[in-house]
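Quick note, the sequences are listed as chains A and B, same order. At position 111 of the first sequence the residue is numbered 122 (the working numbering), and the sequence of numbers has no breaks. At position 241 of the second sequence the residue is numbered 1305 (the working numbering), and the sequence of numbers has no breaks. Beneath this line is the structure, given in structure tokens, with notes to follow.
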Amino acid sequence: MKSLFFLVLLSFLSLFAQEPTFYYESGKKVHLDLLTNTLRATKKVDYYENEKGIVLGVSDKMLVKMVTTKNLAMLVKSLHLHLIKKFSSRLFLFQTPSKEQTLAIANSLYQRDDVVFAHPDFIKKHFKR
Amino acid sequence: MKKILISFGCITTLILTGCGSSEDTQKNETNTTKHTVVSLNEPYVEQQWYIRKNTNFYETYEINPDAHIHIGDIQKTYSGKTIKVAVIDNGLDMNHRDLYKALIASYDSATKTTNVNHTDFNEYHGTAVTGIIAARNNNIGMLGIAYNVSLIFLKYKDEMTDSETIELFNKAESFGADIINCSWGTYDVSDAVKDKIVDLSKHGRNGKGTLIVFASGNDDYNLDDYNDESNIPEVISVGATDKENLRAYYSNYGTNLDLVAPGGYDLALPTLDVTGAAGENSGDYIFYDGDFQGTSAAAPVVSGVLALLLEKNPNLTHDEVISLLKTKSDQIGNVPYDEHRFNPYYGYGKINVSKLFETN
């Protein structure tokens, strides 16, 4: 029983100890490479490059769309989220405890049945055409 | 057919008083018995090769006779009046004389204010895009395709969060936009932004669906390899043609490209420039030999045409408009189109305004 407890604890800690380098988009896992030499990186934003070479900024903000909001209060409390903005009855902008935890929290939410999607509030370049 | 013409400056009111004999008049009479017919005498209008053919200009610059959008005299009857077009772009010359009284609402994502003027006045993109749609018919400068449209301008930041992008689409919705023109893209649209765009396309405009037009991009990419905004099926994705009436070499393509429109190569699309010394040149306009070309220019051509179409038939739904574009566009280019009238480089073909207006 004790070992099971520690296994669960270890799994939980590992979730937040190291930021995963992927996110979910349109149901697919998209891998990210952390950019360590970008001029744009700040204390508030980490920059990554995805598989297509697109540069994405990740901060402590995250967008989540729920299927149902029945468990919303519980999720907010257990994941230490702060509601910044409600875009619609089911789409929310949250602040996470830190930018280092945003990908992990979004990925864990994405796998829940009551979540339509969850991903960082990515910072992206809008290219004029 | 009797016509009574009453002139007010450059605007002439035409009241139809008898049975029609001209083809145009017969078509128009089915919808209304009173139209406003205007002269289209803008000083630089002959340069606007993408709207209609000026024989001298076409011969001088060896332009394919079909390179324009076959608008005919439709602008003499329809001008986008009653239609609201939102342009999401990098800034607008709010005081441009050729946009006089066009702007009805605005919002700047960076400052959260209504001041959407260019921050860097050498950046003319938003003004140029807007001019193609909305430049006024006022005997100065150039002619917008929908020159009486009500303009909403939403200024984006080059680097922007997904939530800020959603906010701009929310603003367009709250301002009552019928059409949203986006001459930009990220090549990586997030689920939340896609969700907003799809929702607006399906449920905006009081349930008829907002028409969201995106430029396909200028990198000669197959968009099937990218998760781009213009690759969202509900979006009207626009590629570019050139003066040869062929796909411009740079125009992105793929299975979700809907249609093509003049975007230029060699010859630019004349439009508005930022007033004065700043901008693309030292004047107030960008000319045929200027630097405004690309799918950024092709998208507002389509947005302007759609404003004319919605003015004529405001009850058209999003799906009905898409269906019309698919069946009424010209199958140009020396390429085969499939049984659905589709080719990945041309979509469903090049926009043809006269055909769009045949029955609608």
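All residues carry an ideal CB built from backbone N, CA and C; glycine is no exception.
Boundaries of the beta strand (DSSP E) in which residue i is found, first to last residue
{"i": "M73(A)", "result": "72-77"}
{"i": "H1132(B)", "result": "Taken as a continuous stretch (DSSP letters only), H1132(B) belongs to no beta strand (DSSP E), as it is neither H nor E."}
{"i": "F128(A)", "result": "126-131"}
{"i": "V56(A)", "result": "It is not in any beta strand (DSSP E) - V56(A) carries neither H nor E in the DSSP assignment."}
{"i": "K40(A)", "result": "39-45"}
{"i": "A1304(B)", "result": "1300-1305"}
Residue from the options whose Cα sits closest to the Cα of residue i
{"i": "I1127(B)", "options": "L1275(B), L1218(B), D1306(B), I1204(B)", "result": "D1306(B)"}
{"i": "D1284(B)", "options": "V1151(B), E1375(B), Y1410(B), E1106(B)", "result": "Y1410(B)"}
{"i": "R1116(B)", "options": "F1239(B), N1309(B), S1387(B), F1278(B)", "result": "N1309(B)"}
{"i": "H1182(B)", "options": "L1389(B), N1154(B), L1104(B)", "result": "N1154(B)"}
{"i": "H1134(B)", "options": "A1279(B), S1418(B), A1236(B)", "result": "S1418(B)"}
{"i": "A1256(B)", "options": "K40(A), R101(A), T79(A)", "result": "R101(A)"}
{"i": "F128(A)", "options": "L74(A), N48(A), K63(A)", "result": "L74(A)"}
{"i": "T47(A)", "options": "K55(A), Y59(A), H137(A), S37(A)", "result": "Y59(A)"}
{"i": "G1205(B)", "options": "L1287(B), G1240(B), Y1108(B)", "result": "Y1108(B)"}
{"i": "Y1352(B)", "options": "S1346(B), L1331(B), G1343(B), P1364(B)", "result": "L1331(B)"}
{"i": "D1172(B)", "options": "L1232(B), A1192(B), C1246(B), P1400(B)", "result": "L1232(B)"}
{"i": "G1413(B)", "options": "K1258(B), L1389(B), F1421(B), S1346(B)", "result": "L1389(B)"}
{"i": "S1315(B)", "options": "G1358(B), D1162(B), N1398(B)", "result": "G1358(B)"}
{"i": "Q1112(B)", "options": "T1423(B), I1350(B), G1397(B)", "result": "I1350(B)"}
{"i": "I1396(B)", "options": "V1338(B), I1196(B), E1384(B), H1132(B)", "result": "H1132(B)"}
{"i": "D1289(B)", "options": "D124(A), E62(A), D44(A), Q112(A)", "result": "E62(A)"}
Sequence-distant residues of the same chain with beta carbon closer than 7 Å to residue i, five excluded per side
{"i": "P1408(B)", "result": "Y1317, G1318, T1319, L1321"}
{"i": "Y1142(B)", "result": "L1372, E1375, K1376"}
{"i": "Y1291(B)", "result": "According to the sequence as given, residue 1291(B) is Asn; it is not Tyr. Excluding positions up to five away in sequence, the list reads D1252, V1253."}
{"i": "H1404(B)", "result": "none"}
{"i": "E1187(B)", "result": "N1154, G1155"}
Run of the alpha helix (DSSP H) containing residue i, from where it starts to where it stops
{"i": "G1368(B)", "result": "1359-1376"}
{"i": "N1234(B)", "result": "1226-1238"}
{"i": "D1255(B)", "result": "1255-1267"}
{"i": "T1319(B)", "result": "No alpha helix (DSSP H) contains T1319(B), which DSSP labels as neither H nor E."}
{"i": "E1384(B)", "result": "1382-1392"}
{"i": "V1417(B)", "result": "1417-1420"}
DSSP-derived helix/strand/coil call for residue i
{"i": "Y121(A)", "result": "helix"}
{"i": "I1196(B)", "result": "helix"}
{"i": "V1213(B)", "result": "coil"}
{"i": "A1169(B)", "result": "strand"}
{"i": "F1121(B)", "result": "helix"}
{"i": "S89(A)", "result": "helix"}
{"i": "L1310(B)", "result": "coil"}
{"i": "Q1111(B)", "result": "helix"}
{"i": "T1274(B)", "result": "coil"}
CB contact below 7 Å: residue i versus chain D
{"i": "R140(A)", "result": "Note that chain D does not occur in the displayed structure, where the protein chains are A and B."}
Under 8 Å by beta carbon: chain B residues contacting residue i
{"i": "S37(A)", "result": "D1255, K1258, N1291"}
{"i": "F33(A)", "result": "In chain order: nothing, as chain B lies at least about 14 Å away."}
{"i": "N61(A)", "result": "D1252"}
{"i": "F128(A)", "result": "D1255, A1256, D1259"}
{"i": "I65(A)", "result": "T1250, Y1251, D1252"}
Contacts around residue i, its chain only, beta-carbon distance under 6 Å, and the 5 residues preceding and following it disregarded
{"i": "I1147(B)", "result": "V1213, D1242, A1371, L1374, E1375"}
{"i": "V1299(B)", "result": "I1276, F1278"}
Within chain A, the residues that residue i reaches when beta carbons sit closer than 7 Å
{"i": "D1222(B)", "result": "K136, H137"}
{"i": "D1226(B)", "result": "L74, D132, F133"}
Contact set between residue i and chain A, taken where Cβ atoms lie within less than 8 Å
{"i": "W1248(B)", "result": "H137, F138, K139, R140"}
{"i": "A1279(B)", "result": "R140"}
Partner residues on chain B for residue i, Cβ-Cβ distance less than 9 Å
{"i": "K96(A)", "result": "S1227, E1231"}
{"i": "L102(A)", "result": "I1230, A1256, D1259, K1260"}
Under 9 Å from the C-beta of residue i: neighbouring residues of chain A
{"i": "T1359(B)", "result": "R140"}
Beta-carbon neighbours of residue i, restricted to chain B and to distances below 7 Å
{"i": "L45(A)", "result": "Going along chain B, no residue has its Cβ under 7 Å from L45(A), so there is no contact; the nearest lies around 17 Å."}
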